[in-house]
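Each remark here refers to the structure printed beneath this line.
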Amino acid sequence: MFQATEAASTPPAHEAKNNSGGSTVQRSKSFSLKAQVKEMCTACQKTVYPMERLVADKFVFHNACFCCKHCHAKLSLGSYAALHGEFYCKPHFQQLFKSKGNYDEGFGRKQHKELWVHKEVESGTKTA
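Quick note: the sequence shown, position 30, residue 30 per the UniProt record's numbering, numbers continuous.
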């Protein structure tokens with residue numbers, strides 16, 4: 001009923017031979033010998049591998065290093081607030097803002113008013 005046919009004489013693609021008779025190895029097109037840039041964690045300055053990589057406000061962190069500056073609680077992308085490159089949990093961000101009523105004093109910076117006063121004093125001495 002079934003007749004055995006002769007197998008095709010062409011070798012499979014992985015056994016392809018070049019003109020000189022030696023075998024060739026084909027590499028995947030996604031394979032690259034280029035050195036990959038190692039990303040460093042903003043908090044601990046150690047290498048961040050792709051499986052543990054977290055990016056918040058263009059800063060790269062390990063999952064475990066992404067913590068509140070005030071209480072050191074672990075943060076997630078949905079539970080943080082950032083100001084001047086520093087990251088806080090939402091409750092402490094609100095608490096620090098409410099304590100002084102502005103972003104500068106509450107977070108340990110000089111008020112903008114002080115910067116303006118210094119400029120006015122400097123400009124006043126130059127005109128006199």
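Even glycine gets a Cβ: it sits at the ideal position worked out from N, Cα and C.
For residue j and residue i, believed in contact at Cβ under 8 Å, the rounded distance
i, j, result
"L75", "C89", "6 Å"
Terminal residues of the beta strand (DSSP E) in which residue i lies
i, result
"F66", "Neither: F66 is in no beta strand (DSSP E) and is coded neither H nor E."
"A82", "80-83"
"C89", "86-89"
"A56", "53-56"
Residue i vs residue j beta-carbon contact at 8 Å
i, j, result
"C44", "H72", "no"
"F87", "A64", "no"
"residue 164", "T47", "In the structure displayed, the chain extends from 1 to 128; residue 164 sits before or after that span and is not available."
Contacting residues, own chain, Cβ-Cβ under 7 Å from residue i (five flanking each side not counted)
i, result
"H92", "C68, H70, C71"
"E52", "H62, N63"
6 Å CB neighbourhood of residue i in its chain, flanking five on each side removed
i, result
"Y80", "F87"
"F66", "L54, L75"
"A82", "D57"
Spatial neighbours of residue i in its chain, beta-carbon cut-off 8 Å, leaving aside the 5 residues before and after
i, result
"A128", "Confidence at A128 is low in this model, with a pLDDT of 46, below 50, so the placement of that residue should be treated as unreliable; the coordinate-derived value is given next. So no residue of the chain qualifies."
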